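Chemist:
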Amino acid sequence: MDFSLLFNIVIGVLALLRCALFAVFYGTFSEGEYVHPIYRQARSLAVGEEEPLHIEVPVTRAA
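Under this note's numbering, think of the first position of the sequence shown as 61, with each following residue one higher.
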């Protein structure tokens, strides 16, 4: 196996791990600030809490 291919695979795995950790722990130390529902859901699932995902969608009436 070529060394550069192995190096790129390792860097790719580290980048994915960094993204996953960011998604789980984003907002942990920023109490009172806005935390996106997806990050809140990922963090609650990581610690074993079941928190339903609430995404507010604006509803407009037809004229």
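Glycine included, C-beta positions come from ideal geometry on N, C-alpha and C.
What you are looking at is a predicted structure, and each value in this text was computed from that prediction instead of being measured.
1. DSSP three-state call for R78: helix, strand or coil?
2. What separation, rounded to the nearest whole angstrom, lies between the Cα atoms of V70 and V119?
3. Quick check on the DSSP output: the alpha helix (DSSP H) that includes P97 runs from which residue to which?
4. Quick check on DSSP: helix, strand or coil for V119?
Modeler: The structure says:
1. Annotated three-state conformation of R78 is helix, per DSSP.
2. Computed Cα separation, rounded: 45 Å.
3. For P97, the enclosing alpha helix (DSSP H) starts and ends at 97-106.
4. For V119, the secondary structure class from DSSP, reduced to helix, strand or coil, is coil.
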